[in-house]
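Residue numbers (the working numbering), protein chains in the order written: chain A, -1 to 113; chain B, -1 to 113. Below you'll find the structure, written out as structure tokens, and then a few comments.
This is how it looks when you write it as structure tokens:
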């Protein structure tokens, strides 16, 4: 059993977001995805993000206001949201007090060929 | 964007554990793993578990007392633990009041051949 303690993870501030990438654990290809925790400060909105990786996120604490397409969806702690490859998104934290903590797993989608 | 709301997920009771498997979302091979939420009632210990899948778990709320090998490791909300293929484990909830809620991703390890 291996423990990954969130409160001891090394994180870097990127604007209003603290990002703790799991590359720090030297897992190589143990997991079939890459992973990170990120924390969005209260009343903050990081810039829009868009990447080729599919991303599955799990809200650990706080509420994520997930803007994708023309809609904003509130995602409560314990729930999850899936963003497709190339899907533009903004993860807002609209709370005035509570940080938003999210775990994300992300991976390149299988090649389109052969699907 | 697709939402997976934990509080609306279909769950089945297996002894003191409520299990909500993500097969209910018909994701086919969208994710490179299978997934579930499970909730362990206060002061409960499900039977030991052991399976060929590697399992990465994230504690959503409560504290998991993860017994593996000869040790028990406390895993707080927000933190994660990784169980290897074939690693016997028991996930205790020692709290007298708080349910333990865990998200798990699990997958078959790559074939040993060629590694």
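Virtual Cβ for every residue (Gly too), placed ideally from N, Cα, C.
Bridge-paired residues (DSSP) for residue i
i	result
residue 79/A	55/A, 1/B
residue 11/B	16/B
residue 38/B	15/B, 98/B
residue 26/B	DSSP output for residue 26/B lists no bridge partner at all.
Any chain B beta carbon closer than 8 Å to residue i
i	result
residue 115/A	The first residue shown for chain A is -1 and the last is 113, placing residue 115/A beyond what the model contains.
residue 21/A	no
residue 61/A	no
residue 8/A	no
residue -1/A	yes
residue 17/A	no
residue 100/A	no
residue 30/A	yes
residue 73/A	yes
residue 38/A	no
residue 66/A	yes
Contact belief for residue i with residue j at Cβ below 8 Å, rounded distance in angstroms
i	j	result
residue 87/A	residue 50/A	Actually they are not in contact, since the Cβ atoms of residue 87/A and residue 50/A sit about 13 Å apart, beyond 8 Å.
residue 78/A	residue 54/A	6 Å
residue 71/A	residue 8/B	That belief does not hold up - the Cβ atoms of residue 71/A and residue 8/B are roughly 20 Å apart, past 8 Å.
residue -1/B	residue 85/A	7 Å
residue 57/A	residue 73/A	5 Å
residue 156/A	residue 61/A	A query on residue 156/A cannot be resolved here, the shown segment of chain A reaching from -1 to 113 and no further.
Short CB-CB distance (under 8 Å) between residue i and chain A
i	result
residue 94/B	no
residue 49/B	no
residue 86/B	no
residue 58/B	yes
residue 83/B	no
residue 13/B	no
residue 103/B	yes
residue 78/B	yes
residue 3/B	yes
_If contact is defined by three or more beta carbon pairs under 8 Å, each pair taking one atom from either stretch, is the stretch 32 to 43 of chain A in contact with the stretch 97 to 107 of chain A?_
Yes, the stretch 97 to 107 of chain A is in contact with the stretch 32 to 43 of chain A.
*Secondary structure, beta strand (DSSP E): runs of 3+ residues fully inside the stretch 64 to 108 of chain A*: 69 to 73, 78 to 81, 87 to 90, 98 to 105
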